[in-house]
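Novice: Residue numbers (our numbering), protein chains in the order written: chain S, 451 to 771; chain H, 44 to 333.
Cβ atoms here follow ideal geometry from the backbone N, Cα and C, with glycine treated the same way.
No experiment lies behind these values; they were computed from the predicted model shown.
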Amino acid sequence: MKKEAALQREPANSFRKKHPFLNEMRRNWPYYLMMAPAALVLFIFSYLPLPGLVIAFMDFNYVDKFSSPWVGLANFKFYFTSSYAFQTTFNTLFININYLVWTTLFSVLFSILLNELRSKFAKKIYQNAMFLPYFFSSVIIGKLITTILFSDSYGLVNQIITALGGEAILWSQTPNPWAWIIIGTHLWQVAGYNSIVYLASITGIDDQLYEAASLDGATRWQQLWRITLPLLLPTIITMSLLSIGNMLRGDFATIYSIIGDNGLLYKYTDVIDTYVFRAIKSAADFGPTAAVGLYQSVVGFILVWGSNSLVKLYDKDYALF
Amino acid sequence: MYQKSIGERIAQILIHIFLFAYSFCCIYPFILTFMASISSEQSIMKNGYRLIPSEFSSLAYETVFKDSSIYTGYAVSIFVTVVGTLLALIICGMVGYAMSLQRVKYRNHIAMYFYIPMVFSAGLLPWYLVCTQFLHLQDTIWALILPTLVSPFNVFLMRNYFKTIPSSLVESAEIDGSGPFRTYFQIVIPLATPIIATVALFIGLGYWNDWTNALWFISDRKLFPLQYMLYRIKSIMDFIRQNGSMGNIQLPSQTFQLATLFVTIGPIVLLYPFVQKFFVKGIMVGAVKG
Numbered sequence: 451m452k453k454e455a456a457l458q459r460e461p462a463n464s465f466r467k468k469h470p471f472l473n474e475m476r477r478n479w480p481y482y483l484m485m486a487p488a489a490l491v492l493f494i495f496s497y498l499p500l501p502g503l504v505i506a507f508m509d510f511n512y513v514d515k516f517s518s519p520w521v522g523l524a525n526f527k528f529y530f531t532s533s534y535a536f537q538t539t540f541n542t543l544f545i546n547i548n549y550l551v552w553t554t555l556f557s558v559l560f561s562i563l564l565n566e567l568r569s570k571f572a573k574k575i576y577q578n579a580m581f582l583p584y585f586f587s588s589v590i591i592g593k594l595i596t597t598i599l600f601s602d603s604y605g606l607v608n609q610i611i612t613a614l615g616g617e618a619i620l621w622s623q624t625p626n627p628w629a630w631i632i633i634g635t636h637l638w639q640v641a642g643y644n645s646i647v648y649l650a651s652i653t654g655i656d657d658q659l660y661e662a663a664s665l666d667g668a669t670r671w672q673q674l675w676r677i678t679l680p681l682l683l684p685t686i687i688t689m690s691l692l693s694i695g696n697m698l699r700g701d702f703a704t705i706y707s708i709i710g711d712n713g714l715l716y717k718y719t720d721v722i723d724t725y726v727f728r729a730i731k732s733a734a735d736f737g738p739t740a741a742v743g744l745y746q747s748v749v750g751f752i753l754v755w756g757s758n759s760l761v762k763l764y765d766k767d768y769a770l771f
Numbered sequence: 044m045y046q047k048s049i050g051e052r053i054a055q056i057l058i059h060i061f062l063f064a065y066s067f068c069c070i071y072p073f074i075l076t077f078m079a080s081i082s083s084e085q086s087i088m089k090n091g092y093r094l095i096p097s098e099f100s101s102l103a104y105e106t107v108f109k110d111s112s113i114y115t116g117y118a119v120s121i122f123v124t125v126v127g128t129l130l131a132l133i134i135c136g137m138v139g140y141a142m143s144l145q146r147v148k149y150r151n152h153i154a155m156y157f158y159i160p161m162v163f164s165a166g167l168l169p170w171y172l173v174c175t176q177f178l179h180l181q182d183t184i185w186a187l188i189l190p191t192l193v194s195p196f197n198v199f200l201m202r203n204y205f206k207t208i209p210s211s212l213v214e215s216a217e218i219d220g221s222g223p224f225r226t227y228f229q230i231v232i233p234l235a236t237p238i239i240a241t242v243a244l245f246i247g248l249g250y251w252n253d254w255t256n257a258l259w260f261i262s263d264r265k266l267f268p269l270q271y272m273l274y275r276i277k278s279i280m281d282f283i284r285q286n287g288s289m290g291n292i293q294l295p296s297q298t299f300q301l302a303t304l305f306v307t308i309g310p311i312v313l314l315y316p317f318v319q320k321f322f323v324k325g326i327m328v329g330a331v332k333g
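1. Please go through the same chain and pick out, in chain order, the residues whose beta-carbon is closer than 8 Å to the beta-carbon of I542 (chain S), but skip the five residues on each side of it.
2. Does the distance from the C-beta atom of I598 (chain S) to that of P72 (chain H) stay below 8 Å?
3. So who's on the other strand from W520 (chain S), going by DSSP bridges?
4. Let me make sure I understand the geometry here. Which of H:H59, H:T115, H:V138, H:F63 has the alpha-carbon closest to that of P487 (chain S)?
5. For Q3 (chain H), go through chain S and note every residue whose CB falls closer than 9 Å to its CB, in chain order.
6. Say whether chain S places a C-beta atom closer than 8 Å to the C-beta of V331 (chain H).
7. Write down the C-beta distance between N626 (chain S) and Y718 (chain S) rounded to the nearest angstrom, noting that I regard them as a contact closer than 8 Å.
8. Specify the secondary structure class of S651 (chain S) as computed by DSSP and reduced to three states.
9. What first and last residue would you give for the alpha helix (DSSP H) that runs through V607 (chain S)?
10. Which term fits M451 (chain S), buried or exposed, when burial requires 16 or more other beta carbons within 10 angstroms of its beta carbon?
11. Taking the DSSP output, what are the residues bridged to S82 (chain H)?
12. Looking at C-alpha atoms only, which residue of H:F122, H:S111, H:F224 is the closest neighbour of M183 (chain H)?
13. For L130 (chain H) and I153 (chain H), I'd like the C-alpha separation in whole angstroms.
14. How would you list, in chain order, the residues of chain S whose beta-carbon sits under 9 Å from the beta-carbon of L55 (chain H)?
15. Contact between the stretch 474-489 of chain S and the stretch 147-162 of chain H: three or more CB pairs below 8 Å?
16. Let me make sure I understand the geometry here. Which of H:L102, H:L75, H:A103 has the alpha-carbon closest to that of G91 (chain H)?
17. Is the distance from the Cβ of Y768 (chain S) to the Cβ of P680 (chain S) below 8 Å?
18. Report back the beta-carbon spacing between F560 (chain S) and M580 (chain S) to the nearest angstrom; my notes put them in contact at under 8 Å.
19. Short of 8 Å Cβ to Cβ, which residues in the stretch 667-689 of chain S face chain H?
20. Is it true that the CB of V589 (chain S) sits closer than 8 Å to the CB of W254 (chain H)?
21. Given a cut-off of 8 Å on the beta-carbon distance, is the pair N525 (chain S) and G695 (chain S) in contact?
22. So T719 (chain S) is in the alpha helix (DSSP H); what residue range does that whole segment cover?
23. In terms of residues, what are the limits of the alpha helix (DSSP H) holding G695 (chain S)?
24. Below 6 Å CB to CB, which residues in the same chain sit around G592 (chain S) once its five sequence neighbours on both sides are set aside?
25. Do the stretch 523-540 of chain S and the stretch 608-622 of chain S meet, that is, are 3 or more Cβ pairs less than 8 Å apart?
26. Assign Y149 (chain H) to one of three DSSP states: helix, strand, or coil.
27. Along chain H, in chain order, which residues have C-beta atoms closer than 8 Å to that of Y768 (chain S)?
28. Are G249 (chain H) and T191 (chain H) close, meaning C-beta to C-beta below 8 Å?
29. By DSSP, does Y92 (chain H) sit in helix, in strand, or in coil?
30. For F334 (chain H), which of H:I308, H:A141, H:V107 has the nearest alpha-carbon?
31. Between the alpha carbons of L659 (chain S) and I677 (chain S), how many angstroms are there, rounded?
32. To the nearest angstrom, report how far apart V504 (chain S) and K570 (chain S) are at their CA atoms.
33. Report yes or no: is there a C-beta of chain S within less than 8 Å of the C-beta of Y315 (chain H)?
34. Are the C-beta of I58 (chain H) and some C-beta of chain S separated by less than 8 Å?
35. If we call anything under 8 Å between Cβ atoms a contact, is S164 (chain H) one with S496 (chain S)?
36. Please list the residues of the stretch 144-169 of chain H that have a C-beta atom closer than 9 Å to any C-beta atom in chain S, keeping them in chain order.
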């Protein structure tokens, strides 16, 4: 009897071993069906463009499309020898590094202050107020900045400057302050949101640690530096790693809604993404534009991979992958 | 529990002052905008933006509501937000669920497939060419929905939550003869409402606030969502002027912009008190499970 059963089972067993893929499909096809729609959409919008990277090595035109002539590295040469390359790369890095540093500093500061507050009611009020700008689109924020705050004639900042006896500034023609205005705007928009993320990690810290510390005579200040901040570090690292990969991409929506097509301000605010956008929309040379895109992607990937490896050297648990 | 020393009290007061000042900075621009939008054009020209305008006027709002573009803008935005959010929830939720199951052998490969686009992408130009040359999305409503439909981040957020649902519940449903789809929609989704509500709010907010898709693909005025309308407000004012539909009224250009701005943020301001606690809760869930 036993032998017979074993014999009968054998074909199924060998099928499982020989065709593990088909067997898995036969067993679990409904689950793969569930994955299919999202996988397909992702394929179309994220994987299908990948072959398009070859345009970076072509003199692309709409007539020949992908049989356009190959030009080797000429497109890269065109971009990197132009004055745009340094300017846009510098602006992108400058704005993004400041984004990262200031938002992290202020969000952590806000989350600690909110956590130290004893009045639960006040905590809620402040949280709601600080969270508010996050809800509005970059267009609305951009309009607030350009019409209410920094408009040439009626803006609040110029009102304050003239009230203090200063000379009103023609913002729309003064490029210098705009990079900082953009950084400040971003900080203002996301600091409240990020502080809630950090606050969530602080709330997750075991109360016993603080109790033990205060029994041993640690002051609030010492507890902050010895318990709260070290335990916040993994969250800070994860959040930073996520943004490092986008270092060369730039916050297109915010920057474009504030600066738009005002060429007078490009000097300190034109980032790679806004440059690429204009190039695509004006249907200028596609080759150099694709070259810029490839440059962004490759450098972005190296940055994520590199910083992740560094974090891994320091502590394996903090790494993203 | 606390010793109320003088130092501690001073610290509390300082924290209050600091947080109050920052909260004020977050709210004040919106109040100022609203007050400016109900003031007359002349009073802005004379005194700049003031918290209490010297002269009130509803002309800006009348002009906004007289022109048809605000209504089409609302229709487009609402359609995109509702349809986009529902579609995204359904397809991202399903893949998140399937990926969370131990029995699905290739779940880690699929996760990798969703993870790669988060760290490497082809850049804007190839993406733009796929959308316009291959899918022909320009000047269709789908251009506002499809490109941002699947966000790997949301997929992973949901997968992580689904992982915490005890597998015994799913197994017992299957023993009782429920198929995978039925189990998902009738057992799993009701158990996962906190994360689904949060993800829905994030996706919905994203669609409502999105204007870059329109910037890339839409040139037909009838398909402008609200945010893009606001972005193109100057050209819309020119259009109204040329059309002459307003008769002889001088178009109040400053207050018109601000009134439009306030009309587009209206729904969010009204919903904010109700949804904000879901956001906070959702961030907590995401951060703890992360």
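Specialist: Put simply:
1. Here residue 542 (chain S) is Thr; the residue named in the question, Ile, does not match the sequence. The answer, listed in chain order, is M697, L698, R699, G700, V721, I722, D723.
2. For I598 (chain S) and P72 (chain H), yes; Cβs fall inside 8 Å.
3. Looking at the DSSP assignment, W520 (chain S) forms a beta bridge with S:M508.
4. Considering only alpha carbons, the answer is H:V138.
5. In the structure as shown, chain H begins at 44 and stops at 333. Residue 3 (chain H) is therefore absent and cannot be evaluated.
6. Note on V331 (chain H): pLDDT 47, under 50, position unreliable in the model; the coordinate value appears next. Closer than 8 Å to some Cβ of chain S, the Cβ of V331 (chain H) qualifies, so yes.
7. Yes, N626 (chain S) and Y718 (chain S) are in contact; Cβ-Cβ is about 6 Å, under 8 Å.
8. When DSSP states are grouped into helix, strand and coil, S651 (chain S) belongs to the helix group.
9. For V607 (chain S), the uninterrupted alpha helix (DSSP H) run begins and ends at 606-613, by DSSP.
10. Its pLDDT being 45, under 50, M451 (chain S) is placed unreliably in this model, and the coordinates cannot settle the point.
11. The partner list for S82 (chain H) (beta bridge, DSSP) reads H:F99.
12. It is Thr, not Met, that sits at residue 183 (chain H) in the sequence shown. Minimum Cα distance to T183 (chain H) is reached at H:F122.
13. Each residue's Cα considered, the two are about 20 Å apart.
14. It is Gln, not Leu, that sits at residue 55 (chain H) in the sequence shown. Annotation: Cβ neighbours of Q55 (chain H) in chain S (cutoff 9 Å, chain order): E566, L567, R568, S569.
15. With a cut-off of 8 Å, the stretch 147-162 of chain H and the stretch 474-489 of chain S count as touching, because enough Cβ pairs lie within range.
16. Comparing Cα positions, the closest option is H:L75.
17. Not a contact, by the Cβ cut-off of 8 Å.
18. With a Cβ gap of about 7 Å, F560 (chain S) and M580 (chain S) count as contacting.
19. Listed by position, the residues of the stretch 667-689 of chain S near chain H (Cβ gap below 8 Å) are R670, T685, T688.
20. Closer than 8 Å, so yes.
21. The beta carbons of N525 (chain S) and G695 (chain S) sit no closer together than 8 Å.
22. Its alpha helix (DSSP H) spans residues 716-719.
23. From DSSP, G695 (chain S) is part of no alpha helix (DSSP H); its letter is neither H nor E.
24. Counting only Cβ-Cβ distances below 6 Å, and skipping sequence neighbours, we find S707, I708.
25. Segments in contact, no.
26. Note: Y149 (chain H) maps to coil in three-state DSSP.
27. Those do not exist, as Y768 (chain S) stays about 12 Å from chain H at its closest Cβ, beyond 8 Å.
28. Using a Cβ distance threshold of 8 Å, G249 (chain H) and T191 (chain H) count as a contacting pair.
29. DSSP places Y92 (chain H) in coil when its eight states are reduced to three.
30. Not covered by the structure: residue 334 (chain H). The range shown for chain H is 44 to 333.
31. In a straight line, the C-alpha of L659 (chain S) is about 8 Å away from that of I677 (chain S).
32. Each residue's Cα considered, the two are about 57 Å apart.
33. Chain S, which has a Cβ nearer than 8 Å to the Cβ of Y315 (chain H), makes this yes.
34. True, the Cβ-Cβ gap to chain S drops below 8 Å.
35. With respect to the 8 Å criterion, S164 (chain H) and S496 (chain S) are classified as neighbours on the basis of their beta carbons.
36. Under the 9 Å Cβ criterion, the stretch 144-169 of chain H contributes L144, R146, V147, K148, Y149, R150, I153, Y156, F157, Y158, I159, P160, M161, V162, F163, S164, A165, G166, L167, L168, P169.
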